[in-house]
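Student: Take the position in the sequence shown, starting the count at 1, then add 824; the result is the number in my numbering.
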Amino acid sequence: MLSLRPLHIPQNLFSFGVPSAELRITLDGDLKRAKIKAPCAAGGAESATTRELPLFRDDEPVLGVLTVVVDAGKRLEHTGLKIELLGLIEIPHERSAGYEFTSSVRELEASGAAIEGERAFAFDFGQVDKPHESYYGRSVRLRYVLRSTMTRGAYASSLIHEQDLWVQRAVPPPPVDRSIKMEVGIEDCLHIEFEYDKSRYHLKDVVIGKIFFLLVRIKIKHMELAILRRESVGSGTQRHTDSETVTKFEIMDGAPVKGESVPVRLYLAPYALTPTYRNVQSRFSVKYFLNLVLVDEEDRRYFKQQEIILWRKAVG
825 MLSLRPLHIP
835 QNLFSFGVPS
845 AELRITLDGD
855 LKRAKIKAPC
865 AAGGAESATT
875 RELPLFRDDE
885 PVLGVLTVVV
895 DAGKRLEHTG
905 LKIELLGLIE
915 IPHERSAGYE
925 FTSSVRELEA
935 SGAAIEGERA
945 FAFDFGQVDK
955 PHESYYGRSV
965 RLRYVLRSTM
975 TRGAYASSLI
985 HEQDLWVQRA
995 VPPPPVDRSI
1005 KMEVGIEDCL
1015 HIEFEYDKSR
1025 YHLKDVVIGK
1035 IFFLLVRIKI
1045 KHMELAILRR
1055 ESVGSGTQRH
1065 TDSETVTKFE
1075 IMDGAPVKGE
1085 SVPVRLYLAP
1095 YALTPTYRNV
1105 QSRFSVKYFL
1115 NLVLVDEEDR
1125 RYFKQQEIIL
1135 WRKAVG
C-alpha cells in the first residue's frame, strides 16, 4: 500500500541557502551592574518564572555593543542594521502590539554591506528620555527594550534580538503632610477612629498609626491590616480594574472594649512595592491602599480603605 506523508514546506522558502547569523547585545559595565528580578511575562508576583534585568537610572545613558556572528566560512549581505531604544506600554488582554511612548534609533550599518565572521558595532543612547519607572503587573506592563534588527531583503526574514532594561526613578521628598484621621462605623453598633502618621511614604518607610474604639456593641473576633495594589487600565467604558493583596497581617486578636486603642507599625521594605503611578500616558494607573478589616464572630467583615502615596527615595 502506498503511504502518503505530509509535505513539509519551510517557513520561508526563499531564505534557503541564506547564511544564518546571531545578534548579541552587550551593555557597558554589565558584569558590575545591579540586576532586578522581573517576571518573564505580565502576571506580577504570580508569574512562576523570573529573569534578571540590568538596572538603569532614568537619567543614565545606555551604551553597549551589538555583535553580529555569521556562520563560519559564510558571507552575509544585508539591507540595513539598526538598534532602537523603545519605551512600551503593553496590555496583555489587548491584541495591539503596545503603545510606544519613547523611541530612539541608531543606524549601525547601511544597506548593501556584507558581514563575515564576527563584527561588533558600538551604540550610545545618551540623551534618551525615560520618563517612567518600569512596571510588570497583572494587567499592564511598562518596559524599556533595546531592539536590534538586521533586514535581509525581500527573500529572507529579518533578524531581531531584544534586551529588556529595568528603569527606576528616584525623586525628591514630597512636602511634609499632615496625619490622616478618619472616623468610621455602623450606627449604634460600632464606632472607631483610625489615625496614620502621614499619607506619603517612600518604599523603605514605616507606616505608624493607631486605632481607637469609641463604641463597640458587636462581638469582634479579630482585626487585620492589608496593603492593596490596584491597577486601572484604559478609560471610560473600556476601563479595567484589578486588585491584589500585597500583604496582610493580624493586628488584634479578641474582642476590643470601648476606649481601647491598638497601635499600628507596618514596615514597607520587605514587600514588592512600586511607586504610585498616576495616569501614565493616559493608559494606566497603579494605586496603593491600607485596608483595615474587622471580622466579627459570625465572620462578617467590616472594612475601610485609605489610599497612600508611595515614592522612591533611592535607586536599587
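Quick reminder that beta carbons are idealized off the backbone N, C-alpha and C, glycines included.
It should be emphasised that the depicted structure is a prediction, and the values quoted were computed from it without experimental measurement.
My understanding is that R1136 touches P1099, with C-beta atoms under 8 angstroms, so please give their C-beta distance in whole angstroms.
Tutor: Confirmed, Cβ separation roughly 5 angstroms.
Student: Okay, do the stretch 895–912 and the stretch 930–939 touch, 3+ Cβ pairs below 8 angstroms being the bar?
Tutor: Enough Cβ pairs lie closer than 8 angstroms, so yes.
Student: Among S927, V964, R930, which has the Cα closest to the Cα of R919?
Tutor: Ranking S927, V964, R930 by Cα distance to R919 puts V964 first.
Student: Among residues of its own chain, excluding the 5 on either side of E1019, which ones have a beta-carbon nearer than 7 angstroms to its beta-carbon?
Tutor: So the list reads S1003, I1004, K1005, G1033, K1034, once near-sequence residues are dropped.
Student: Answer yes or no: do P878 and F949 have a C-beta to C-beta separation smaller than 8 angstroms?
Tutor: Taking 8 angstroms as the Cβ cut-off, P878 and F949 do not qualify as a contacting pair.
Student: So what does G1009 bridge to, in DSSP terms?
Tutor: BP columns for G1009 point to H1015.
Student: Look up T973 in the DSSP assignment and say whether it is helix, strand or coil.
Tutor: Reduced to three states, the DSSP call for T973 is strand.
Student: Under 8 angstroms, with one C-beta from each stretch per pair, do the stretch 1053–1065 and the stretch 1106–1125 reach the 3-pair mark?
Tutor: Contact between the stretch 1053–1065 and the stretch 1106–1125 is present, because at least three Cβ pairs lie under 8 angstroms.
Student: Would you please state the rounded distance, in angstroms, between the beta carbons of L912 and G922? I believe it to be under 8 angstroms.
Tutor: At roughly 4 angstroms, the Cβ-Cβ gap stays under 8 angstroms, so L912 and G922 are in contact.
Student: I'd like to know whether the C-beta atoms of L1092 and V1000 end up nearer to each other than 8 angstroms.
Tutor: Contact: no.
Student: Measure the beta-carbon distance from V995 to A944 and round it to whole angstroms, keeping in mind my assumption that it falls under 8 angstroms.
Tutor: Wrong, their Cβ atoms sit about 37 angstroms apart, outside the cutoff.
Student: So does the stretch 1121–1128 actually touch the stretch 981–997, counting three or more Cβ pairs closer than 8 angstroms?
Tutor: Contact fails: fewer than three Cβ-Cβ distances are below 8 angstroms.
Student: Who are the Cβ neighbours of D813 in its own chain at under 8 angstroms, not counting the five residues just before and after it?
Tutor: With the chain covering 825 to 1140 only, the question about residue 813 has no answer from this structure.
Student: Just the Cα atoms here: how many angstroms apart are A869 and P997?
Tutor: Because A869 sits at a pLDDT of 49, beneath the cut-off of 50, its placement in the model cannot be relied upon, and the following sentence gives the value as read from the coordinates. Roughly 28 angstroms between the two C-alpha positions.
Student: With distances taken between CB atoms, is the gap from E1017 to F1036 smaller than 8 angstroms?
Tutor: A contact, by the Cβ cut-off of 8 angstroms.
Student: For R993 versus E940, is the C-beta distance shorter than 8 angstroms?
Tutor: Not a contact, by the Cβ cut-off of 8 angstroms.
Student: Quick one: Cα of L1014 to Cα of S1067, how far?
Tutor: When rounded, the distance between both Cα atoms is 27 angstroms.
Student: Anyone know if the C-beta pair for V969 and Q987 falls short of 8 angstroms?
Tutor: Contact flag set, yes.
Student: Which same chain residues end up closer than 6 angstroms to Y1101 when comparing Cβ atoms and leaving out the 5 residues on each side of it in sequence?
Tutor: Only S1109, V1110 meet the Cβ criterion.
Student: Quick check: the Cα distance between V1070 and R881, rounded to an integer number of angstroms?
Tutor: When rounded, the distance between both Cα atoms is 25 angstroms.
Student: Considering only residues of the same chain and omitting the five flanking positions on each side of K954, which have a CB-CB separation below 6 angstroms?
Tutor: These residues qualify, in order along the chain: D882, V991.
Student: When you compare only the Cα positions, how much space is there between I1075 and G1140?
Tutor: The straight-line gap from Cα to Cα measures roughly 30 angstroms.
Student: Taking the beta strand (DSSP E) that V1104 falls in, what are its first and last residues?
Tutor: V1104 -> beta strand (DSSP E) spans 1101–1104.
Student: Comparing C-alpha positions only, which one of S928, R930, R967 sits nearest to E914?
Tutor: For the residues S928, R930, R967, the minimum Cα distance to E914 belongs to R967.
Student: Could you check if V964 belongs to the surroundings of the ligand ZN, using beta carbon to heavy atom distance under 7 angstroms?
Tutor: With respect to the ligand ZN, the structure offers nothing, as it holds no ligand at all.
Student: What residue range does the beta strand (DSSP E) around K1028 cover?
Tutor: Segment: none, K1028 is in no beta strand (DSSP E) and carries neither H nor E.
Student: Would you list the one or two residues that DSSP bridges to K906?
Tutor: Partner(s): E931, T973.
Student: Is DSSP giving G814 helix, strand or coil here?
Tutor: Absent from the structure is residue 814, since the part of the chain shown begins at 825 and ends at 1140.
Student: Using only CA atoms, which one of L1090, A946, D1021, L1038 lies nearest to G1083?
Tutor: Looking at the Cα atoms, L1038 is the closest of the given residues.
Student: Over what stretch of residues does the beta strand (DSSP E) that includes Y1091 continue unbroken?
Tutor: Counting along the chain, the beta strand (DSSP E) containing Y1091 begins and ends at 1085–1091.
Student: Here's a check: name, in chain order, each residue in its chain whose Cβ is nearer than 8 angstroms to the Cβ of H1081, leaving out the five neighbours to either side.
Tutor: Note that residue 1081 is Val in the sequence shown here, rather than His. F1037, V1040, listed in sequence order.
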